[in-house]
Amino acid sequence: MTIDPASLELKVGFEIHQQLATRSKLFCSCSCEEAQKYDRSFVRKLRPTQSELGAYDPAAMFEFSKMRTVEYHTAFGSSCLVEADEEPPHDVSKEALETALIFSLALHSKVMDEVHIMRKLVIDGSNTTGFQRTMLVASGGYLDVAGKRVGVQSICLEEDAAKLIGDDKGIRKFGLDRLGVPLVEIALEPVTGKPDEIMQVALTLGRLLRASKRVARGLGSIRQDVNVSVQNGAVVEVKGVQQLDQLVKIIEHEMQRQHGLIVIAEKLKERKVDVSKVGERIEDVTDILGKAQSKIVKKILDGGGLFRAIRVPGFAAMIGFEPYPDIRIGKELGKLVRFYDLDGVFHSDELPNYGITQQQVAAVMSRLQASGNDAFVIVGGPEDKAKFASDAIVRRLQAAINGVPAETRAATPDGKTVFLRPRPGPARMYPETDIPTIPATDSMRKALADKVPRSWDEIVDSLAKKYNLNKKLASQIFDSDYLGVFEEIAGMTKVRPTFVASKLTEDITSLQRQGLDVSVLTDGIIKDIFAKLDAGAIAKESVNIIFEKMMKNEAKTVDEAIKAAGASSIGDEELDKGLDRIIDDNMAVVKEKGMSALSTLMGRAMAEYRGKSDGQKINAMIKDKLQKLVK
Amino acid sequence: MAKQDSGGYRGAALRLLAKQGVSVGDSVRIATEDGEMSGVLMPRYESASEDYISIKLKSGYNTGILVGRIKSITKLQKSERAKAAKASEITESEGRPKIALISTGGTIASKIDYRTGGVHAALSASELYSSVPELANHASIDPEVLLSEYSENLKPEHWTMIADKVAEKVKNGKYRGVIVSHGTDTMHYTAAALSFALQGLPIPVVLVGAQRSSDRPSSDAALNLLWATVFAAKSKYAGVFVAMHADASDDAIACHVGTRVRKNHTSRRDAFESIDATPVALVRNNVVEMQKSEIKLAKRSENNLVAKTKFDDRVALLKYYPGFDPRLIDHTAKAGYRAIILEGTGLGHVSKECFPALKKAVDAGIMVFMTSQCIWGRVRMTVYDTGRDLLDIGLIPLSDMISETATVKAMWALANSDDAKKVMQENLANEISASIPL
Ligand SMILES: [Zn+2]
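Residue numbers (the numbering used here), protein chains in the order written: chain A, 232 to 862; chain B, 2 to 439.
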């Protein structure tokens, strides 16, 4: 079943979070570099501030009820007392604010007269303070994408969160190196269209930001939250989309999932299911399941857990019903309980299974006084968590009649989405009183006007002209993570820019597609390789081989890779002798074919000298030798 | 608009708001050259520029609009009082120990009004319990607001007020302990003051504060208050203590003896340290872990309270430094001070240029005491010539008494004894260490 996005009224809003390449963090002088290893750690417990407890916010209440211990890891140079929340924040980084203002000007957005720093509550531990510092820099404006004008909602400057480095149930671990790295958040007005047209919007915005040369590059430096909705559905927020090719898949998946949920809702309505009756009856069924030959059941019981069964009237065959492959309410419930650190959830449509027998199913049905039209859901775990989870399951099943619930989902690397948490209420913000407000004066704006980046097209054209690249290659190198290093190499060596650009784009991309680790190719390593090529120490053909050796972790340094590949260049004299030997060995062919023996000889020579000498040079030398012989 | 609800606005901004009849909390629509913005009018901090009007937008962000660019302000809706969050009902169980909580300033618990961004102290018992619900497991808290001052504004007369209030609670007899919540900047001065003013305490009196304000989820206030309460309820020992984070983690709090503690960091949670001693106790997970210590603590109910709560503030604390002008001593003497605490170098020295001024002061009947700016360690004025000369002039060494503690003690001694010089050299409340552990 394929879906037409237009008939569903697909709407997608983007919120782009782009890390800036500033010399220091947003509120202190620490470096934005990622830490290689951590030296120290401390633990904290966050608690919601009082007024939060007054309002019913299931996510916050649950997080609090877990009273999670958060363990923070610090590294010298990349975090200080500020990140540890042991010192008040310093003044906002001028460089970061300037960059946010430049983006605002580039997007024709209206800069605030006075910028106020706010605290946005986040109590999942990703901020040591319990809030994220953020400021609204500009609002309104637009971005032109392939003839369409996309509205800008707001441009904010904020601090990045700490990096999750581990989550053993009960203890969440974060690295503080990323905390406080400046991020510009740009929210766009929702757009309609086909998923790949929508992707163009994100691509265009990303290019505009990169054109400023003021943003960080590489994996994780740009993250996209995507709000997806279809007709008659609520807005679903998908967090953490890191790559554009993932984006199209995610939009398609969400479209299908949301439409699937609407189809299920229609069926429930046809059946006249009264969802208010869901969860009217919840029973402890630990004794019934206790006899099951199920690993999951055993594990939960061994951990002192119990099982609660929820009666779901009228839902028989609906929890497992799949309007699209793999899209069913049952799967949503499975992810929902993960939020409560549980993994034991079963529903009647999938039973008997998992070591739970037909007799046990019947026993649960009778305990719940359920009829043939009814379904049930069983959730197992420690008492308090099972209670929270069963409340959440009841709410989710009740919401099924409305189709798509508003929630926050996480993007998976394969382009799907999973439930992350209930959608938070309106952002809870209050002023960050430790930092004075910042006036954004007209003179400040005027001074930045000439720093507004040129358009992507202009930049690509000038790149193409400057380095004599074709436009495709110029755009590829611009979109890649290697523009900076490319320009350095082009300035530093005599290697042809076209060659450098194609190695840094097509070749690296194809190695990456083979699943190799691209992160080992640092700018330093890349420069080293091309410097060696420039000096004649390696041949052109070796570049790719060295990339591969390093990405496969078969070599730690460029020199090791050269050795491992046997790629060190040989001298002209040695090559000359070697080619003479090859011709001697194949004299019969030469005599028989004359000049046409070239291809045979070339094959033999390349087998021996690939990566040690330049192919064109070998070709020329053999040709020369042949001509002399044949004459 | 009345002065008291100007919301911090002054000048042109205030005139504009007054003209339109708009006050803080009202929903407004503001038109400027670039279009319109709607939001709730926010208060302005007194120190902020008077050229802007602050509003909270629907997105939750605050922003400032230049008054000069405003074409019109329209009031959309009058300020609505935020509905107060229902305080959770705590059923008080008779079994729990009663603890008196005296608050003097600083907010150990607070509420945030997300609509206006305002932070309010949460000081009633029910507010405290809903802020730190676990408190109810350990004690039945009896709160009372005595003062509402930043601790840098506290004076010796406030120490008297606090001491009298604590004495009242102690004499009441029903409390297992007293907690004094206090701004951290001068908490150690107040701790020393209470240590001298309230000798023979039969129960623990615990000062507690927060280095991170309680309006943030990461505040140290809750843990400090919680474990301070556990210490007040469970400690076998009596006396005056300061209870604050033991390190950067939300794990243990350290209990310091009131005369041996100092704020040694501007901002860290573990800013308070015991000088020349280890903290007498750590409290974590509801358990009081007494530490090995040279300090002799009185047992609960071992003594009877002797309250002498007066202070004489005619005491000066002078820190010596290279280039120190001896005339500062002359001025101090002339200004009517009765005692000078010198913070000398090393083992207790000042330059020989100060000798004549010191001699003049001593001869005029002013007591001059020597402490060390090294913070850690004892003064010993018989080791070098300078020290011996100073002793000859009549300076009185104060062993390893912390200079701040010495200043407070001198104020107390002058107000409560005819022989302050003698009292200063006696160990009354562990302010002098018999031996300092390695
Ligand atoms: Zn830092």
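Just so you know, even glycine gets a beta-carbon here, dropped at the ideal spot from N, CA and C.
CB-CB under 7 Å to residue i, same chain, minus the five flanking residues each way: which ones, in chain order?
i: LEU582 of chain A; result: VAL592
i: GLY565 of chain A; result: VAL576
i: MET818 of chain A; result: none
i: SER7 of chain B; result: LEU15
i: LYS854 of chain A; result: LEU829
i: PRO869 of chain A; result: The structure shown does not extend to residue 869 of chain A, since chain A spans only 232 to 862, so no value can be given for it.
i: GLY26 of chain B; result: VAL41, LEU42, SER80, THR117
Any C-beta of chain E sitting closer than 8 Å to the C-beta of residue i?
i: THR668 of chain A; result: Within the model displayed, chain E is absent; protein chains A and B are what it includes.
Mind listing the chain A neighbours of residue i? Cutoff is C-beta to C-beta under 9 Å, in chain order.
i: ASN173 of chain B; result: Per Cβ cutoff of 9 Å: no residues; ASN173 of chain B is ~29 Å from chain A at best.
i: ARG213 of chain B; result: ASP316, GLU317, THR360
Starting from the beta carbon of residue i, find every residue of chain A whose beta carbon is closer than 8 Å, and list them in chain order.
i: ILE433 of chain B; result: Under the 8 Å cutoff, chain A gives no residues; its nearest Cβ is about 32 Å from ILE433 of chain B.
i: ASP186 of chain B; result: Here the premise fails: no neighbours, minimum Cβ distance about 14 Å.
i: ILE276 of chain B; result: None at all; the shortest Cβ gap to chain A is about 21 Å.
i: ALA49 of chain B; result: PRO667, THR668
i: SER268 of chain B; result: LEU312, GLU317, GLU318, PRO319
Report yes if the CB atom of residue i is closer than 8 Å to the CB atom of residue j, and no otherwise.
i: PHE334 of chain A; j: LEU499 of chain A; result: no
i: VAL179 of chain B; j: VAL206 of chain B; result: yes
i: PRO398 of chain B; j: MET425 of chain B; result: no
i: LEU475 of chain A; j: LEU434 of chain A; result: yes
i: ARG652 of chain A; j: THR639 of chain A; result: yes
i: ALA442 of chain A; j: LEU388 of chain A; result: no
i: VAL635 of chain A; j: VAL467 of chain A; result: yes
i: MET349 of chain A; j: TYR53 of chain B; result: no
i: THR64 of chain B; j: THR161 of chain B; result: no
i: ALA164 of chain B; j: LEU202 of chain B; result: no
i: TYR585 of chain A; j: ILE527 of chain A; result: yes
i: LEU277 of chain A; j: GLY411 of chain A; result: no
i: MET343 of chain A; j: ALA671 of chain A; result: yes
i: SER373 of chain B; j: GLY347 of chain B; result: yes
i: LYS300 of chain B; j: LYS237 of chain B; result: yes
i: LYS780 of chain A; j: ALA766 of chain A; result: no
i: SER800 of chain A; j: ALA851 of chain A; result: no
If residue i sits next to residue j, beta carbons under 8 Å apart, how far is it from one beta carbon to the other, in whole angstroms?
i: ASP408 of chain A; j: GLU265 of chain A; result: 6 Å
i: VAL432 of chain A; j: THR330 of chain A; result: About 21 Å; that fails the 8 Å criterion.
i: ALA211 of chain B; j: SER220 of chain B; result: 6 Å
i: VAL316 of chain B; j: THR408 of chain B; result: 6 Å
i: LEU227 of chain B; j: GLU135 of chain B; result: 6 Å
i: VAL274 of chain A; j: ASP271 of chain B; result: Going by Cβ atoms, the distance from VAL274 of chain A to ASP271 of chain B rounds to 13 Å, so no, they are not a contact pair.
i: THR668 of chain A; j: VAL346 of chain A; result: 6 Å
i: VAL383 of chain A; j: LEU332 of chain A; result: At roughly 14 Å, the Cβ-Cβ gap does not stay under 8 Å, so VAL383 of chain A and LEU332 of chain A are not in contact.
i: TYR176 of chain B; j: LYS99 of chain B; result: 5 Å
Leaving out the 5 sequence neighbours to the left and right, which residues in its chain are closer than 6 Å to residue i when beta-carbon positions are compared?
i: SER434 of chain B; result: ASP277, ASP401
i: ALA340 of chain B; result: VAL316, MET368, ALA411
Which residues in chain B have a C-beta closer than 8 Å to the C-beta of residue i? List them in chain order.
i: MET349 of chain A; result: GLY61, TYR62, ASN63
i: ALA315 of chain A; result: ALA249
i: ASP344 of chain A; result: TYR53, THR64, GLY65, ILE66, LEU67, ARG70
Give the residues of chain B in contact with residue i, contact being defined as C-beta atoms less than 9 Å apart.
i: LYS404 of chain A; result: Simply none; closest approach about 14 Å.
For residue i, which residues in the same chain have their Cβ closer than 8 Å to its Cβ, ignoring the five residues on either side in sequence?
i: GLN473 of chain A; result: LEU450, GLY451, ILE453, ARG454, GLN455, ALA642
i: ALA85 of chain B; result: In this prediction, ALA85 of chain B scores a pLDDT of 48, lower than 50, which makes its location untrustworthy; the coordinate-derived value is nonetheless stated afterwards. Once the five neighbours on either side are set aside, ALA85 of chain B has no close Cβ partner at all.
i: ASP186 of chain B; result: TYR151, SER152, GLU153, LYS264
Could you tell me which chain B residues have their CB closer than 7 Å to the CB of residue i, listed as they occur along the chain?
i: GLY361 of chain A; result: ARG217, PRO218, SER219
Taking 7 Å as the cut-off, is the beta-carbon of residue i closer than that to any non-hydrogen atom of ligand 2?
i: VAL23 of chain B; result: Absent from the structure shown: ligand 2. Ligands present: ligand 1.
**Prompt:** Is the stretch 300-320 of chain A close to the stretch 23-41 of chain B, with three or more CB pairs under 8 Å?
**Reply:** no
**Asked** Is there contact between the stretch 607-622 of chain A and the stretch 475-486 of chain A, where contact requires at least three CB pairs shorter than 8 Å?
**Response** no
**Request:** Report yes or no: do three or more beta-carbon pairs, one from the stretch 695-711 of chain A and one from the stretch 457-471 of chain A, lie closer than 8 Å?
**Result:** no
**Message:** Taking 8 Å as the cut-off, does the stretch 378-385 of chain A touch the stretch 690-704 of chain A (at least 3 CB pairs, one atom from each stretch)?
**Reply:** no
**Asked** Is there contact here, the stretch 818-834 of chain A with the stretch 13-26 of chain B, by at least three beta-carbon pairs under 8 Å?
**Response** no
**Item:** Cβ contact check for the stretch 282-292 of chain B and the stretch 224-232 of chain B: 3 or more pairs under 8 Å
**Value:** yes
**Request:** Pair every Cβ in the stretch 377-386 of chain B with every Cβ in the stretch 137-147 of chain B, then say whether three or more of these pairs are closer than 8 Å.
**Result:** no
**Request:** Could you tell me whether the stretch 534-543 of chain A touches the stretch 510-524 of chain A, using the rule of 3 or more Cβ pairs below 8 Å?
**Result:** yes
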